[in-house]
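J.: Note that this note's numbering numbers the sequence shown so that position 326 is 326, with each residue one more than the last. Backbone N, C-alpha and C define an ideal beta-carbon position, used for all residues, glycine too. Because the structure is a prediction, the values reported are computed rather than measured.
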Amino acid sequence: MSELNSIAIKIISSGKGILAADESTATMTKRLESVNVVSNTESRLKFRNILFSADAMKVCVGGVILYDETIKQTINSTLISKIISSSDVVPGIKVDTGAKILSSSTEEKITEGLDGLRERLKDYYKLGARFTKWRAVYKISNSFPSKVAISTNSHALARYASLVQEAGMVPVVEPEVLMDGNHDSKECYQKTSEVIKKCFEELILQKVDLKGVILKPNMILPGTKSKEEIDPEQISELTIKCLIESVPKEVPGIAFLSGGQSEFQATENLNMINLKNNSNFTMTYSYGRALQQSALKYWANNQDDIIGTQEVFNHRAKMCTLAAKGQWKKELEKN
Ligand code: 13P
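Here is the structure:
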């Protein structure tokens with residue numbers, strides 16, 4: 001088990017974070033089409049490999065989460081996971097198969113993918129993965145998340161995490177409370193606390209070794225339609241308080257999702273969280289959109305400019321890594 005703990009620490013320590021490049025084909029297609037790039041096997045690989053071979057991989061990124069399509073792809077007969085680990089970065093894989101409507105609800109979702117997971121994990125391990133991700137997703141409204149959504153998703157997260165550790169990999173456990181809605185930060189704080197507490201109750205019940213787990217939560221933010229005005233200081237205080245109260249001390253680290261925040265907001269908030277972090281948890285990033293957005297836009301308009309695209313990505317990753325150390329400053333964004 002100490003091996004799992006060292007993998008987790010390798011991924012998230014010294015300001016390193018996770019590049020979440022595990023968009024499903026449907027989501028990646030949306031992202032590519034939003035910048036007028038045709039989505040196919042080659043274009044998806046081409047863009048992702050530009051990031052995977054950027055300099056930032058060696059200094060900022062500790063782990064990359066891949067999608068099933070990508071972990072099976074090669075460049076000049078070299079597996080993508082080998083390209084990633086050659087930069088001393090740990091390859092990871094999303095293993096859930098997506099969130100579907102809960103049978104007892106019309107709007108809430110349950111994440112699927114447990115059937116056959118033990119076998120799939122063996123294959124992913126052979127393909128080089130050493131950590132995994134599973135995302136549960138919750139909406140906030142007057143009656144959501146419901147007890148049934150919290151209970152079923154927490155149970156699934158724990159079953160997933162237990163199987164992943166059995167297979168010798170570190171589970172990233174992601175109970176995401178969405179930013180969508182008009183709720184305020186207090187409500188986000190209450191609901192996120194409830195969801196995280198229940199998640200750890202199930203992980204403990206199912207004997208998951210907490211030292212070999214990374215938690216991937218949302219920050220505590222008002223809903224996107226809320227009128228509440230809140231600054232990074234308040235966001236960081238609420239986020240840290242929520243995590244100290246809900247996460248067992250054995251957990252080595254927390255890697256936030258960006259969840260629809262802009263690149264700037266996700267960086268500024270992470271920086272303030274690290275300036276104020278009075279817990280023993282390492283607090284870093286596991287960003288998808290907040291690491292890739294600018295690079296994707298640049299690449300869409302300059303598809304032959306690999307170096308230029310990598311420079312955009314390197315800058316973003318560097319800003320996030322500074323934020324993970326509490327050393328980021330607004331002025332650095334201009335360089
Ligand atoms: P975002 O940072 O774009 O929210 O993506 C992170 C992620 O992996 C969601 O599951």
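#1: Return helix, strand or coil for residue 53, following the three-state DSSP convention.
#2: Counting only beta-carbon atoms, is residue 30 nearer than 8 Å to chain D?
#3: Out of curiosity, what's the CA-to-CA distance linking residue 245 and residue 190?
#4: Have a look at 20, 333 and 59 and flag the residue whose alpha-carbon is nearest the alpha-carbon of residue 172.
#5: Quick check: residue 259 and residue 281, are their CB atoms within less than 8 Å of each other?
#6: Quick check: the region 159-179 against the region 118-128, are there 3 or more CB pairs under 8 Å?
#7: Can you tell me which residues form a DSSP beta bridge with residue 64?
#8: Would residue 310 and residue 55 be called neighbours here (beta carbons separated by less than 8 Å)?
#9: Taking only three categories from DSSP, how would you classify residue 171?
#10: May I ask you to report which of helix, strand or coil DSSP gives residue 84?
#11: Give the secondary structure of residue 337 by DSSP, where H, G and I count as helix, E and B as strand, and everything else as coil.
#12: Beta-carbon within less than 8 Å of residue 158's beta-carbon, same chain only, minus the 5 sequence neighbours each way: which residues are those?
#13: Per DSSP, what kind of secondary structure is residue 283 in: helix, strand or coil?
#14: Below 7 Å, is the gap between the Cβ of residue 288 and the nearest heavy atom of the ligand 13P?
#15: Using three-state DSSP, classify residue 45 as helix, strand or coil.
#16: In angstroms, rounded to a whole number, what distance separates the CA positions of residue 79 and residue 18?
#17: Could you spell out the range, first to last residue, of the alpha helix (DSSP H) harbouring residue 192?
#18: Given this structure, state the Cα-to-Cα distance separating residue 14 from residue 8, to the nearest angstrom.
#19: Look at the alpha carbon of residue 188 and the alpha carbon of residue 323, and state the distance between them as a whole number of angstroms.
#20: Would you call the CB atoms of residue 168 and residue 225 closer than 8 Å?
#21: Hey, is residue 257 close to the ligand 13P, as in C-beta under 7 Å from one of its heavy atoms?
#22: Within 7 Å: the Cβ of residue 48 and any heavy atom of the ligand 13P?
#23: Taking its Cβ as the centre, do 16 or more other Cβ atoms sit within 10 Å of residue 131, making it buried, or is it exposed?
#24: Give a yes or no on whether the C-beta atoms belonging to residue 313 and residue 51 are separated by under 8 Å.
#25: By Cβ distance below 7 Å, which residues in the same chain neighbour residue 219 in space, the five residues on each side in sequence not counted?
#26: Go through its chain and collect everything with a Cβ distance to residue 149's Cβ below 8 Å, but skip five positions before and after it.
#27: Where does residue 22 land, buried or exposed, given buried means 16+ other C-beta within 10 angstroms?
#28: Report yes if the C-beta distance between residue 32 and residue 70 is below 8 Å; otherwise report no.
#29: Using CA coordinates, which residue listed in 196, 186, 142 and 135 is at the minimum distance from residue 98?
T.: The answer reads as follows:
#1: Correct three-state label for residue 53: coil.
#2: Absence of chain D from the displayed structure is noted, only one protein chain being present.
#3: In a straight line, the C-alpha of residue 245 is about 11 Å away from that of residue 190.
#4: When 20, 333 and 59 are compared, the shortest CA-CA separation from residue 172 is found for 20.
#5: For residue 259 and residue 281, no; Cβs fall outside 8 Å.
#6: Touching, yes.
#7: Paired residues: 19 and 91.
#8: Here residue 310 is near residue 55, since their CB atoms are less than 8 Å apart.
#9: Residue state, collapsed to three classes: strand.
#10: Helix, per DSSP.
#11: Shown here, the chain extends from 1 to 335; a query on residue 337 therefore has no answer.
#12: Cβ contact annotation for residue 158 (same chain, cutoff 8 Å, sequence separation greater than five): 199, 202, 203, 205, 206 and 208, in chain order.
#13: It is a strand residue.
#14: Correct: residue 288 has its Cβ closer than 7 Å to the ligand 13P.
#15: Secondary structure at residue 45: helix, using DSSP grouped into helix, strand and coil.
#16: So the alpha carbons of these two residues sit roughly 19 Å apart.
#17: Element bounds for residue 192: 185-205.
#18: Approximately 12 Å between the Cα atoms of the pair.
#19: Straight-line spacing of the CA atoms in residue 188 and residue 323 works out to 23 Å.
#20: Their beta carbons are not under 8 Å apart, which means residue 168 does not touch residue 225 by this criterion.
#21: Yes; taking the cut-off as 7 Å, the Cβ of residue 257 has a heavy atom of the ligand 13P nearer than that.
#22: Judged by the Cβ position, residue 48 fails to qualify as a neighbour of the ligand 13P at the 7 Å threshold, every heavy atom of the ligand being at least this far.
#23: Residue environment for residue 131: buried (at least 16 other C-beta atoms within 10 angstroms of its C-beta).
#24: In contact: residue 313 and residue 51 (Cβ atoms closer than 8 Å).
#25: The answer, listed in chain order, is 235, 239, 256 and 269.
#26: So the list reads 102, 105, 108, 109, 110 and 138, once near-sequence residues are dropped.
#27: Buried, because 16 or more other Cβ atoms sit within 10 Å of the Cβ of residue 22.
#28: The answer is no: Cβ separation not under 8 Å.
#29: Relative to residue 98, the option among 196, 186, 142 and 135 whose CA is nearest is 135.
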